[in-house]
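Just remember that this note's numbering sits 1 ahead of the position in the sequence shown, which is counted from 1.
The beta-carbon is built from N, C-alpha and C at its ideal position, and this holds for glycine as well.
Single-structure report; data block below.
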Amino acid sequence: MVPRHRSSPHPAEPRGLGEGLHSPCPVLQLITLSGSAQMVTSLEAKGNILTAYLAGALAVMVSIYTAGGVSGAHMNPAFTLAMCLVEQCPWWKLPIFVAVQTTGAFLSAGAVYAVYYDAIHHYSNGTLTTSGPQETASIFATYPAEYLSLSNGFLDQVVATALLIVGILAILDPHNKGVPKGLEPVAVALLVLSLEASLGSNCGCPMNPARDFGPRLFTYVAGWGAEVFSRGNGWWWVPVVAPMLGAAVGSALYQLLVAFHHPLPEGTAEQSPPLLTDPNIALMEKGTGGHCPTSGAGDGTCLSQRPQAPAEPTATINQP
Numbered sequence: 002m003v004p005r006h007r008s009s010p011h012p013a014e015p016r017g018l019g020e021g022l023h024s025p026c027p028v029l030q031l032i033t034l035s036g037s038a039q040m041v042t043s044l045e046a047k048g049n050i051l052t053a054y055l056a057g058a059l060a061v062m063v064s065i066y067t068a069g070g071v072s073g074a075h076m077n078p079a080f081t082l083a084m085c086l087v088e089q090c091p092w093w094k095l096p097i098f099v100a101v102q103t104t105g106a107f108l109s110a111g112a113v114y115a116v117y118y119d120a121i122h123h124y125s126n127g128t129l130t131t132s133g134p135q136e137t138a139s140i141f142a143t144y145p146a147e148y149l150s151l152s153n154g155f156l157d158q159v160v161a162t163a164l165l166i167v168g169i170l171a172i173l174d175p176h177n178k179g180v181p182k183g184l185e186p187v188a189v190a191l192l193v194l195s196l197e198a199s200l201g202s203n204c205g206c207p208m209n210p211a212r213d214f215g216p217r218l219f220t221y222v223a224g225w226g227a228e229v230f231s232r233g234n235g236w237w238w239v240p241v242v243a244p245m246l247g248a249a250v251g252s253a254l255y256q257l258l259v260a261f262h263h264p265l266p267e268g269t270a271e272q273s274p275p276l277l278t279d280p281n282i283a284l285m286e287k288g289t290g291g292h293c294p295t296s297g298a299g300d301g302t303c304l305s306q307r308p309q310a311p312a313e314p315t316a317t318i319n320q321p
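Below you can see the structure in the form of structure tokens.
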């Protein structure tokens, strides 16, 4: 039996903290990191890079379905930033969401370590390392390929995250082709899978600062040591900073190349673009006073009440 929804006695109150506490980030990270752990510790006998990517993409879908109606399914600081930039999420919520997303990723890494504790130590002979044939740090965070420079890795993550944001905005745009209502999480999962499968060889395609930094911080305190921050010429900051820049680039590109070119409804005066800058158009959850119900990726998605098309004018007057 499904319990009835209880509305807040103070619906006008800011909901930022409550939304953050209902973040689906733990669900996302538990599934994603477990897929990596299974691949590494089984020597790819029970999983490979494709199954790890598939687990991550399906984790996005499950997370959005799980918490999309409660918190908006914010999972990715980069996507939260994009929603702030297009005026679909208030800026004061950004640090709250980022803190909760990162904390959730840290705790999820601890849970995965506990579940795979015996497997990790059996595989590594009890030595937790970040490099070598028996390294296990890559279960939790991304590390660059040996050939990858910091500048090339930075560009990789800007491009990947920009594509992620453009794709999500296209999926959610009620003036674009869109997807059937309720299937947005499936479309976002396929988007994430396509990006990981095509842009994953350089550095694992993190696209999510919380997903990378939270587990990396866990490995630092759990015994892998300071090398988790020094490996790859100090790689750790790239998957934190580059996706945020990519989010800004992606949101700007979608506005300039797509949203600005949507035809305005007949009889509407020329004004701001009809998609992301108009609070009546959406990506907004019905009855939340401006709450932006987004998932965020790799990192995440707005699961919103889609606006209804304007009624066609008729010649009937005083029609009931």
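Of the listed residues 245, 42, 62, nearest to residue 191 (C-alpha basis): 62
Residue 233 (DSSP reduced to helix, strand or coil): helix
Span of the alpha helix (DSSP H) around residue 242: 239-258
Assigned secondary structure, residue 216 (DSSP; H/G/I helix, E/B strand, else coil): helix
Inter-residue Cα distance where the pair is residue 188 and residue 172: The alpha-carbon of residue 188 is positioned some 7 Å away from that of residue 172.
Between the CA atoms of residue 221 and residue 228 - distance to the nearest angstrom: 8 Å
Residue range of the unbroken alpha helix (DSSP H) whose run includes residue 141: Note, residue 141: premise wrong, no alpha helix (DSSP H); not H, not E.
Straight-line gap, residue 127 to residue 120 (C-alpha atoms, nearest Å): 10 Å
C-alpha gap between residue 246 and residue 159, whole angstroms: 6 Å
Start-to-end residues for the alpha helix (DSSP H) that takes in residue 27: Here the alpha helix (DSSP H) through residue 27 covers 26-42.
Anticipated Cβ contact below 8 Å, residue 26 with residue 138, distance rounded: With a Cβ gap of about 20 Å, residue 26 and residue 138 do not count as contacting.
Alpha helix (DSSP H) segment containing residue 221, residue limits: First-last for residue 221: undefined, no H or E at that position.
Per-residue DSSP class, three states only, for residue 149: coil
Where residue 45 falls: helix, strand or coil (DSSP): coil
Cβ pair count under 8 Å reaching 3, the region 95-103 against the region 46-58: no
Coarse secondary structure for residue 88, derived from DSSP in three states: coil
Cβ pair residue 154, residue 239 closer than 8 Å: yes
Through-space distance from residue 143 to residue 150, alpha-carbon basis: 14 Å
Residue 251 vs residue 194 beta-carbon contact at 8 Å: With respect to residue 194, residue 251 sits apart: the two C-beta atoms are not nearer than 8 Å.
Straight-line gap, residue 186 to residue 30 (C-alpha atoms, nearest Å): The C-alpha of residue 186 lies about 16 Å from the C-alpha of residue 30.
Reference residue 225, options 135, 103, 35, closest by Cα: Comparing Cα positions, the closest option is 135.
Candidates 52, 218, 45, 28, of which the one nearest residue 66 by Cα: 28
Extent of the continuous alpha helix (DSSP H) run through residue 184: Segment: none, residue 184 is in no alpha helix (DSSP H) and carries neither H nor E.
Closest Cα partner of residue 263 within the set 113, 244, 102, 177: The shortest C-alpha separation from residue 263 is found at 177.
Supposed contact pair residue 203 and residue 146 - C-beta distance, whole angstroms, cut 8 Å: 6 Å
C-alpha gap between residue 110 and residue 261, whole angstroms: 41 Å
Residues near residue 277 in its chain [Cβ-Cβ closer than 6 Å; skip 5 each side]: Residue placement at residue 277 cannot be trusted, given a pLDDT of 49 that sits under 50; the coordinates are not used to answer.
Alpha-carbon spacing of residue 244 relative to residue 46, whole angstroms: 32 Å
Own chain partners of residue 130 with C-beta closer than 6 Å, once the 5 adjacent residues on each side are dropped: 136
Residue 81 versus residue 48: straight-line alpha-carbon distance, rounded: 32 Å
Range of the contiguous alpha helix (DSSP H) that encloses residue 128: Unbroken run through residue 128: none, as it is neither H nor E.
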